[in-house]
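Remarks on the structure that follows.
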Amino acid sequence: NAGVTQTPKFQVLKTGQSMTLQCAQDMNHEYMSWYRQDPGMGLRLIHYSVGAGITDQGEVPNGYNVSRSTTEDFPLRLLSAAPSQTSVYFCASKRDSNYGYTFGSGTRLTVV
Amino acid sequence: QQQVKQSPQSLIVQKGGIPIINCAYENTAFDYFPWYQQFPGKGPALLIAIRPDVSEKKEGRFTISFNKSAKQFSLHIMDSQPGDSATYFCAASITGNQFYFGTGTSLTVIP
Chain A
-4 NAGVTQTPKF QVLKTGQSMT LQCAQDMNHE YMSWYRQDPG MGLRLIHYSV GAGITDQGEV
56 PNGYNVSRST TEDFPLRLLS AAPSQTSVYF CASKRDSNYG YTFGSGTRLT VV
Chain B
65 QQQVKQSPQS LIVQKGGIPI INCAYENTAF DYFPWYQQFP GKGPALLIAI RPDVSEKKEG
125 RFTISFNKSA KQFSLHIMDS QPGDSATYFC AASITGNQFY FGTGTSLTVI P
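Protein chains in written order, with the working numbering: chain A, -4 to 107; chain B, 65 to 175.
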């Protein structure tokens, strides 16, 4: 039982490049979310999904896209990377609305 | 605009002490209040959570106190140990969808 798996763990991008952060969970959880963590700002919600085919925006969605074609996977796409997107990104999942999230180990992204 | 305000930013206690971390919110629609523990290089891990229909919840050495009228909740760590040294985040959510996190408290427990 791997839980929530994020890849890659580290990434350096040049400004303007695009990339996809991968997230997969093997717990059959309906809810999945992406957060970014920045010093002094806690975790901020980027996008979330309450089931396959359903996604919605969080607090800071600009510059990011998501899709949820399967229950297991919830990739996060950076369309045109900017230095302001330098952060640690966490994917999380939970069974339903009555539970807290289980987080992955994070992806540390640097945009130069 | 920070939906959940957390204090203090950092905290140092002696082993065996009882660190207390406080959070406050404004939105009375919040109905789920979890606390997360995060070690360096790791993702946050759910520690304990409470709903607004109870005033206190204990799990092991961790206790949440909840004051609905004051819109505040706090985490108490009894008999703190050096292994409890971590960053702690409070959070709040409405119907379990969007979670709003505090800015975190870095706890150091001195042996």
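Built from N, CA and C at the ideal position, the CB exists for glycine as well.
When the Cα of A:G46 is compared with those of A:D91, A:E54, A:E25, which residue comes out closest?
-> A:E25
B:Y140 - partner residues in DSSP beta bridges = The sequence as given places His at residue 140 of chain B; Tyr does not occur at that position. B:I84, B:T127, per the DSSP bridge assignment.
With DSSP as the reference, please indicate the residues paired to A:M27 in a beta bridge.
-> A:S44, A:S88
Report the residue from B:F165, B:S157, B:N161 whose alpha carbon sits nearest the alpha carbon of B:T151.
-> B:F165
Just tell me which of A:D21, A:V55, A:M36, A:T0 has its CA closest to the CA of A:H42.
-> A:V55
Return no unless some Cβ of chain B is closer than 8 Å to the Cβ of A:G99.
-> yes
Given a limit of 9 Å on CB to CB distance, which residues of the region 86 to 98 of chain A reach chain B?
-> C86, A87, K89, D91, S92, N93, Y94, G95, Y96, T97, F98
Per-residue DSSP class, three states only, for B:D148 = helix
Between A:T15 and A:L71, is the Cβ-Cβ spacing less than 8 Å?
-> yes
Select from A:Q80, A:S44, A:L74 the residue whose C-alpha is nearest the C-alpha of A:D68.
-> A:S44
From the DSSP output, in three-state form, read off A:Q12 for me.
-> coil
Counting contacts by CB-CB distance shorter than 8 Å, is B:G168 in contact with chain A?
-> yes
By Cβ distance, which residues of its chain are closer than 6 Å to B:F103, with the 5 residues on each side in sequence left out?
-> A150
Evaluate the contact criterion for the region 94 to 108 of chain B versus the region 75 to 83 of chain B: three or more CB pairs, one atom per stretch, below 8 Å.
-> no
Whole angstroms is fine: what's the gap from A:K89's alpha carbon to A:N23's?
-> 9 Å
Going by DSSP, which residues form a beta bridge with B:Q78?
-> B:I174
A:Q32 to B:P108 span [Cα, whole Å] | 11 Å
Meets three-Cβ-pair contact criterion under 8 Å: the region 65 to 73 of chain B and the region 157 to 173 of chain B | yes
Using Cβ-Cβ distances below 9 Å, what residues of the region 36 to 58 of chain A are close to chain B?
-> M36, G37, L38, R39, L40, Y43, V45, D51, G53, E54
Can you grab the Cα-Cα spacing for the pair A:S100 / A:S64, in whole Å?
-> 22 Å
Apart from the five residues just before and just after B:Q145, which ones in its own chain have a Cβ nearer than 7 Å to its Cβ?
-> K79, V173
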